[in-house]
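If you read the protein sequences in the order shown, they are chains A and B. So the first sequence is numbered by this note's numbering: it starts at -15 and just counts up by one. So the second sequence is numbered by this note's numbering: it starts at 228 and just counts up by one. See structure below.
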Amino acid sequence: MKQSILSKWLTTIAGWGVALIVFFPIFWMTLTAFKTEKQAYSPDIFFTPTLQSFRDVFARSDYLTFALNSIYVSIGSTLLCYLFAFPAAYRMAFYPTAKTQDTLLWMLSTKMMPSVGVLIPIYLLFKTGGILDNIWGLIVIYALMNLPIAVWMAYTYLCEVPPAILEAARIDGANIWGELWHVLRPIALPGLTSTALLLIILSWNEAFWSINLTSAKAAPLTVFIASYSSPEGLFWAKLSGASVLAVAPILVMGWLCQKQLVSGLTFGAVK
Amino acid sequence: MSTNVAAAKPKHFFAFLQAPSVVVLFLWMIVPLAMTIYFAFIRYSLLNPDISGFAGVENFQFLWEDPAFFPSIWNSVLLVGSVLIITVVAGTALAVLYDSNFFGNKIAALLVIAPFFVMPTVSALIWKNMIMHPVYGLIAMGLQKLGLPGIDFFGEYPLLSVIVIVSWEWMPFAFLVLFTAIKSFDQEQKEAAIVDGAGPVQLFFSLILNHLSRAISVVVMIESIFLLSIFAEIHTTTSGGPGTASTNLTYLIFSLGLRQFDIGIASAGGILAVILANIVAYFLVKMLAKGLKQGS
């Protein structure tokens, strides 16, 4: 008995120890965001917090542009993605054919194409089409990038709806819209919402296409932060302030949709 | 059943719902890829429009002879390999640790998965500046207290530094997937083994590892695909340098194409990247197909 209490204590200490070490860089970034530029270079934990770094970040006239671009791109691409994904998933879940599984697998396999393999043609197409540094270009790319995951996840959730319920609704004379609104919505909405959160996270944090296809006008926060890798990066308090603003909302979303993350990113292989 | 409205229509009637997704994904996959293959076999430089014509395997030859080519392949292998080992070993150990319901383990788990949601450019710059800076970084400060000189991580150990950052980003993914998988481990089976006198070590190697093997291979394959494409972390910290010390294949293709504007050679590299990723993808799709058939 004594042994097991001791081991329980040891596991608790080890578990929390690891958690604090892993989380430390995020903690330190948050702490630094509340320091002055001078304090940022010292390892002090106790200091008078200031909001100066946040004020400085907001004072950059273009900060809002980057933040809004991130919001537009992640939400826009997720909506566009669902516009295509939902009907496809609906068909696959309720009217499957012999080919449905192969189609799904093929869709997932397109996700395995490395972005860099098509970087050159996409860049040239954007250049020729005049949509380099254009927010719509980025939205389309992200929607395509996330489409396989969206179809897959929506399919999984729609498959959980018992077909008998749909049939009952039809016998009661529900048309397609009634069926969607009164039957599917209550059952599938929670899953579809957290999938949407996952897609927003993936788009928000995407840093390959955003760095290569945008520069100023349509650049999201990933690109804005990357601009701190220049000598300006020496302003650590500002860098931390901007980073905290860019990371915090997404971190909360991530904590809310862990489950979807596992099944979404492993394509359902681990649930 | 006969009143089923849908059944009155042929099943293929509903294909129009699926067609848009299939068509756009097909275009997204085939058009740029076809262009990459085409560019790889012609002479095409944005800096010198006079150069044109069929190049045969010339671009592949130039790529092969590029002094950065073999280092970049080697760096890709090192980067993917070491991050895989670090994240899978640490992720498995943590999954086992967190499976033993200690006080507040759910909250601690939230802290462990947090780095996965930090955007790559933020992770890279926080590590580069506040932790690994040769003078003001926390590690340098610690060393100073011990009377040791600071280490110029990105100058002296550029690839290792990138490996540390990328491992920090991806360990949470391995942990989260394996933690999810370990929860489905049969408790009765575990208790039976303990009654039979199995120690924790034996229990881990003979039962738990076996139970996790499928999830581990999924993690390995998915991470491989993502890790082959690591770009932003290198771009914001070392820009592939010093020299080619931290250039991976993805970064080499980027700099050939969008820095030196040699479309032909960059496309030849792109084909190589697609082939590499496809080798991994082949095994992954096979495994997913097996899972789908079992599931239905």
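Every residue, glycine too, gets a C-beta built ideally from N, C-alpha and C.
Listing by chain order, which chain A residues have their CB less than 8 Å from the CB of residue 208 of chain B?
The question about residue 208 of chain B has no answer here: the residues shown for chain B are numbered 228 through 523.
Counting only Cβ-Cβ distances shorter than 8 Å, please list the residues of the region 461 to 490 of chain B near chain A, keeping chain order.
462, 463, 464, 476, 477, 480, 481, 484, 485, 490
Do the region 326 to 335 of chain B and the region 490 to 510 of chain B meet, that is, are 3 or more Cβ pairs less than 8 Å apart?
With the rule of 3 Cβ pairs closer than 8 Å, the region 326 to 335 of chain B does not count as touching the region 490 to 510 of chain B.
By the 8 Å beta-carbon criterion, what residues does the region 272 to 302 of chain B contribute toward chain A?
none
Output needed for residue 143 of chain A: all residues of its chain with C-beta closer than 6 Å, excluding positions within five of it in sequence on either side, in chain order.
For the purposes of this step, residue 143 of chain A is taken as residue 159 along the first sequence, with counting starting at 1. Within the same chain, residue 143 of chain A has close Cβ partners 77.
Can you tell me whether residue 423 of chain B is helix, strand or coil according to DSSP?
Taking the second sequence and counting its residues from 1, the one referred to as residue 423 of chain B is at position 196. If DSSP states are grouped into helix, strand and coil, residue 423 of chain B belongs with coil.
Does DSSP put residue 281 of chain B in a helix, in a strand, or in coil?
Here the question's residue 281 of chain B lines up with position 54 in the second sequence. Here residue 281 of chain B sits in strand by DSSP.
How would you label residue 511 of chain B, buried or exposed, when you count the other beta carbons within 10 angstroms and need 16 or more for buried?
What you label residue 511 of chain B is simply residue 284 of the second sequence in a count that begins at 1. Residue 511 of chain B is buried by the Cβ-count criterion.
Short of 8 Å Cβ to Cβ, which residues in the region 304 to 325 of chain B face chain A?
321, 324, 325
Restricting to Cα atoms, I'd like to know which of A:116, A:41, A:3, A:-10 is closest to residue 200 of chain A.
Taking the first sequence and counting its residues from 1, the one referred to as residue 200 of chain A is at position 216. Residue A:116 is the option with its Cα nearest to residue 200 of chain A.
Whole angstroms are fine: how far does the CA of residue 52 of chain A sit from the CA of residue 229 of chain B?
In the second sequence, the residue the question calls residue 229 of chain B occupies position 2. In the first sequence, the residue the question calls residue 52 of chain A occupies position 68. A caution first: residue 229 of chain B carries a pLDDT of 39, below 50, which makes its placement in the model too unreliable to give a value.
Short check: CB of residue 204 of chain A to CB of residue 122 of chain A, under 9 Å?
Here residue 204 of chain A refers to the residue found at position 220 of the first sequence. Here residue 122 of chain A refers to the residue found at position 138 of the first sequence. Yes. Within cutoff.
Between residue 207 of chain A and residue 119 of chain A, which are expected to be in contact by the criterion C-beta below 8 Å, what is the C-beta distance as a whole number of angstroms?
Locating residue 207 of chain A in the first sequence gives position 223, counting from the first residue. Locating residue 119 of chain A in the first sequence gives position 135, counting from the first residue. So it is not a contact: roughly 12 Å between Cβ atoms.
Could you tell me which residues DSSP pairs with residue 489 of chain B in its beta bridges?
For the purposes of this step, residue 489 of chain B is taken as residue 262 along the second sequence, with counting starting at 1. B:272, per the DSSP bridge assignment.
Is it right to say residue 460 of chain B is buried, meaning 16 or more other beta carbons lie within 10 angstroms of its own, or is it exposed?
Residue mapping note: residue 460 of chain B aligns to position 233 of the second sequence, counting from 1. Result: buried.
Under 8 Å between beta-carbons, which chain A residues line up against residue 245 of chain B? List them in chain order, please.
As a first step, residue 245 of chain B must be located in the second sequence, where it is residue number 18. Neighbours of residue 245 of chain B in chain A, taken as residues whose beta carbon is under 8 Å from its own, are 71, 72, 75, 76, 87 in chain order.
Find the nearest neighbour of residue 219 of chain A within the set A:174, A:33, A:96, A:13, judged by alpha-carbon distance.
As a position in the first sequence, residue 219 of chain A is number 235, starting the count at 1. The shortest C-alpha separation from residue 219 of chain A is found at A:13.
Indicate whether at least one CB of chain A lies closer than 9 Å to the CB of residue 516 of chain B.
Here residue 516 of chain B refers to the residue found at position 289 of the second sequence. Cβ-Cβ to chain A under 9 Å: yes for residue 516 of chain B.
For a test of the three-state rule: what should DSSP assign to residue 232 of chain B, helix, strand or coil?
Here residue 232 of chain B is taken as the residue at index 5 of the second sequence, counted from 1. The predicted position of residue 232 of chain B is uncertain, since its pLDDT is 46 and thus under 50; a value taken from the coordinates is nonetheless stated next. Three-state result, residue 232 of chain B: helix.
Can you tell me whether DSSP reads residue 523 of chain B as helix, strand or coil?
For the purposes of this step, residue 523 of chain B is identified with residue 296 of the second sequence, where counting begins at 1. The predicted model places residue 523 of chain B with a pLDDT of 49, which falls under 50 and marks its position as unreliable; any figure quoted below should be read in that light. Residue 523 of chain B: coil per DSSP, three-state reduction.
Look up residue 162 of chain A in the DSSP assignment and say whether it is helix, strand or coil.
Stepping through the first sequence from its first residue, residue 162 of chain A is reached at position 178. Helix at residue 162 of chain A.
Can you confirm whether residue 62 of chain A, when its beta carbon is compared against all beta carbons of chain B, has any partner nearer than 9 Å?
Sequence index remark: in the first sequence, residue 62 of chain A carries index 78 (1-based). With 9 Å as the cut-off, residue 62 of chain A does not count as an interface residue toward chain B.
Under a CB-based cut-off of 9 Å, is residue 137 of chain A close to chain B?
Along the first sequence, one-based indexing puts residue 137 of chain A at 153. Taking Cβ atoms only, chain B never reaches closer than 9 Å to residue 137 of chain A, which makes this a no.
Taking 9 Å as the threshold (beta carbon to beta carbon), is residue 342 of chain B in contact with chain A?
Taking the first residue of the second sequence as 1, we reach residue 342 of chain B at position 115. Yes, its Cβ sits closer than 9 Å to a Cβ of chain A.
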